[in-house]
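Numbering of the sequence shown is given in my numbering, commencing with residue -18 and proceeding in unit increments.
Cβ coordinates follow ideal geometry from the N, Cα and C atoms, glycine included.
Bear in mind that the values here come from a model prediction, so they are computed numbers and not experimental data.
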Amino acid sequence: MTLVQGVNHVAVMTDDLDRFVDFYAQVFDLPVVFTEETPAFRHAILRTGPSSWLHPAEVSGNPHGAAIPAMFDRGHLDHLALAAASPEAFQAARDRLVARGMSDGTIEDLGAFHSFWFRDPDGMRGEVTLITDPELRGIHEPRPLVAG
């Protein structure tokens, strides 16, 4: 038996909290459930699911607010992958990100899920996934999905 039931939250540094929150709230319809400004930092919490949150924080002068572009060189957290709620939500997120110039819209068929990449306003790479096989059989066999 596993001792955990999922990821509770992901804490992310940002150079501009307002820009970060606006982007994720507008593109993914994430509700902002908490904001706070202290003398040392500002932070917010956006709900990504029934018991999961995205927790951005802005600390003046923090060198980690701007993302490092090269995959696997980004530090302890390489990228954020968000699970689409439905095939329609997957397509809506893709359309919004392409319209903003934040994604080229290429969908990869990774066997157990479909995926596309985006870059947020801080330059952090993100991924949106749509699980097609909950058992995750045949995972990570990347091949471009041909649009029909």
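Taking the alpha carbon of residue i as the reference point, which residue from the options has its own alpha carbon closest?
| i | options | result |
| --- | --- | --- |
| V(-12) | M83, T19 and L61 | L61 |
| V(-9) | D(-3), F22, G92 and W34 | W34 |
| E17 | L(-16), D(-1) and R81 | D(-1) |
| E116 | G92, D101 and L78 | G92 |
| A38 | H24, T19 and M(-18) | H24 |
| I88 | E108, N43 and G82 | E108 |
| S32 | D(-3), Q(-14), M(-18) and A66 | Q(-14) |
Measuring CB to CB, does residue i end up less than 9 angstroms from residue j?
| i | j | result |
| --- | --- | --- |
| F99 | T110 | no |
| D76 | R106 | no |
| S84 | F71 | no |
| V8 | A74 | yes |
Go through its chain and collect everything with a Cβ distance to residue i's Cβ below 7 angstroms, but skip five positions before and after it.
| i | result |
| --- | --- |
| P68 | L111 |
Using a Cβ-Cβ cutoff of less than 8 angstroms, which residues in the same chain neighbour residue i once the five nearest sequence positions on both sides are dropped?
| i | result |
| --- | --- |
| L11 | Y5, L27, R28, T29 and L35 |
| V79 | D85 and G86 |
| L(-16) | none |
| R81 | V8 |
Can you list, in chain order, the residues of its chain whose CB lies under 6 angstroms from that of residue i, leaving out five sequence neighbours each side?
| i | result |
| --- | --- |
| F1 | T(-5) and P37 |
| F22 | A38 and V40 |
| D114 | A93 |
| V(-7) | P37 |
Within 10 Å of its beta-carbon, does residue i have 16 or more other beta-carbons around it, so buried, or fewer, so exposed?
| i | result |
| --- | --- |
| D3 | exposed |
| L63 | buried |
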